[in-house]
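Counted the way my numbering counts, the sequence shown spans residues 448 to 694. The beta carbon of each residue, even a glycine, is placed where N, CA and C say it ideally should be. See below for the structure under consideration.
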Amino acid sequence: MDSLISLHNVSAGYEPNQAVLRNINLDIKQNDFIGIIGPNGGGKSTLLKVILGLLPIQKGKLNYAWKNNKHYIGYLPQSNEIDTKFPIKVSEVVLSGIMGSKSYFGKYSKSDKNKANELLDKLGLTEYKNNTIGELSGGQRQRAFLGRAIINKPSVLILDEPNTYVDKHFEGELYNMLSELNKEMAILLVSHDIGTISPIIKTIACVNEELHYHNSNKISEKVLSTYKCPIELVAHGHVPHRVLNQH
Ligand SMILES: Nc1ncnc2c1ncn2[C@@H]1O[C@H](COP(=O)(O)OP(=O)(O)O)[C@@H](O)[C@H]1O
Ligand SMILES: [Mg+2]
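Now the structure itself:
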């Protein structure tokens, strides 16, 4: 199967001659569900920015299966990158996900608005639709941005730690929703909690300057250490509690 997005020996970073990511190889195909794990500062968010075309690569090749990438990737940034003071309403956040496929000054149609309302309902945000994002809790805000990321039915959905604030009740719903969406789109999910995401992801990418691809949704401490990818394995259900040391 052809890749939707492929990275071949990609190096990237923020300063010339200072690579944060080195020799990254990754193929993203239809219906993939890749869990991206790794230590803090290992380069997970940077990898997403490379894939989104927000950070130019220093070496290697980055290919998209389409000509104009912007319309086909949905992105939920890590919560610390969301400007909570920006005076935008919840309904507008969700609708703004449609912008990419429209001319910038295009008005939203009735059907766009219906789509947004449906999503707001699904995300449990209907009663907050006229609030500004600064008035929401962290979890509610992440849900609003999730709505923004999926409203346009992207081919690839990229989520950077969407479960940071999400309450336990919504976490289950979020994962059900992602499993459902995965039937229609490839998903890349960064998480610090491999235990909870393990049942929904299909494969694992360990990112710590380099990327090690693991063709299964389960991973042992031993394999993580051969990947030089120290993370915390936290207990969830039947997953045993193991905490790895940083080295
Ligand atoms: N905008 C930036 N400018 C310079 N350095 C950055 C920037 N963003 C991240 N970094 C550096 O890149 C490295 C990887 O960061 P990041 O991709 O955010 O890691 P992760 O998401 O795995 O925690 C870190 O050393 C971080 O300090
Ligand atoms: Mg990050």
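Contacting residues, own chain, Cβ-Cβ under 6 Å from residue i (five flanking each side not counted)
| i | result |
| --- | --- |
| Asn510 | Ser453 |
| Lys576 | Val537, Ser538 and Leu567 |
| Lys560 | none |
| Lys570 | The identity of residue 570 in the sequence shown is Leu, whereas the question assumes Lys. Only Arg590 and Gly594 meet the Cβ criterion. |
| Cys676 | Gly485, Cys653 and Asn655 |
| Leu606 | Leu523 and Leu636 |
| Glu657 | Arg469 |
| Lys508 | His455 |
| His659 | Cys653 and Tyr674 |
| Ile471 | Leu454, Val457 and Leu658 |
| Ile666 | Ile651 |
Status (buried if at least 16 other CB within 10 Å, exposed otherwise) for residue i
| i | result |
| --- | --- |
| Tyr461 | exposed |
| Phe480 | buried |
| Leu501 | exposed |
| Phe533 | exposed |
| Lys630 | exposed |
| Pro601 | buried |
| Thr531 | exposed |
| Gly544 | buried |
| Glu582 | exposed |
| His694 | Note that His694 has pLDDT 37, beneath the 50 cutoff, so the model's placement of it is unreliable and the number below is only indicative. Under this definition His694 is an exposed residue. |
| Ser645 | buried |
| Asn692 | Unreliable positioning characterises Asn692 in this predicted model, as indicated by a pLDDT of 42, which lies under 50. A coordinate reading is not provided. |
| Gly489 | buried |
| Leu628 | buried |
Proximal residues to residue i (C-beta, below 8 Å), its chain only, five neighbours per side dropped
| i | result |
| --- | --- |
| Glu526 | The residue asked about is misnamed: residue 526 is Ser in this sequence, not Glu. Around Ser526: Gly585, Arg588, Gln589, Glu608, Thr611 and Tyr612. |
| His661 | Thr650, Ile651, Ala652, Cys653, Val670 and Tyr674 |
| Phe592 | Leu523, Pro524, Ile529 and Val540 |
| Ala596 | Gly521, Tyr522, Leu523, Gly544, Leu604, Ile605 and Leu606 |
| Asn578 | Lys536 and Val537 |
| Ile475 | Ser450, Leu451, Ile452, Ser453, Ile481, Ile498, Val603, Ala633 and Leu635 |
Same chain, Cβ closer than 7 Å to residue i, neighbours up to 5 away in sequence not counted
| i | result |
| --- | --- |
| Lys491 | Ile483, Gly485, Val637 and Val654 |
| Thr573 | Leu567 |
| Tyr555 | Leu542 and Ile545 |
| Asn478 | Asn629 and Ala633 |
| Ile598 | Val541, Gly544, Ile545, Lys562, Ala563 and Leu566 |
| Ser626 | Ile647 |
| Tyr622 | Ile647 |
| Tyr519 | Trp513, Pro601, Ser602 and Val603 |
| Ala459 | Ala466, Val467, Leu468, Thr493, Val497, Leu502, Ile504 and Gln505 |
Closest residue to residue i among the options (Cα-Cα distance)
| i | options | result |
| --- | --- | --- |
| Lys557 | Gly571, Leu542 and Asp568 | Leu542 |
| Ile647 | Asp530, His659, Asn664 and Leu658 | Asn664 |
| Pro524 | Lys506, Ile498 and Leu628 | Ile498 |
| Ala512 | Asp449, Lys675 and Asn487 | Asp449 |
| Glu528 | Ile597, Lys496 and Ile598 | Lys496 |
| Val463 | Leu473, Leu671, Lys506 and Ile471 | What sits at residue 463 in the sequence shown is Pro, not Val. Nearest of Leu473, Leu671, Lys506 and Ile471 to Pro463, Cα basis: Lys506. |
| Leu473 | Asn487, Val457 and Val467 | Val457 |
| Thr643 | Glu657, Met624, Gly619 and Gly488 | Gly619 |
| Arg469 | Leu494, Lys476 and Ser672 | Leu494 |
| His639 | Ile678, Lys508, Ile580 and Pro503 | Ile678 |
| Ile504 | Asn623, Ser626 and Gln465 | Gln465 |
Neighbour flag for residue i against chain C, beta carbons, 8 Å
| i | result |
| --- | --- |
| Ser453 | This model lacks chain C altogether, as it is built from one protein chain only. |
Assess, as a yes-or-no matter, whether the region 554-566 is touched by the region 612-627 under the definition of 3 or more beta carbon pairs within less than 8 Å.
no
- [ ] Give every residue whose Cβ lies closer than 7 Å to any heavy atom of ligand 2, listed in chain order.
- [x] Selection output, chain order preserved: Lys491, Ser492, Gln525, Asp607, Glu608 and Val637.
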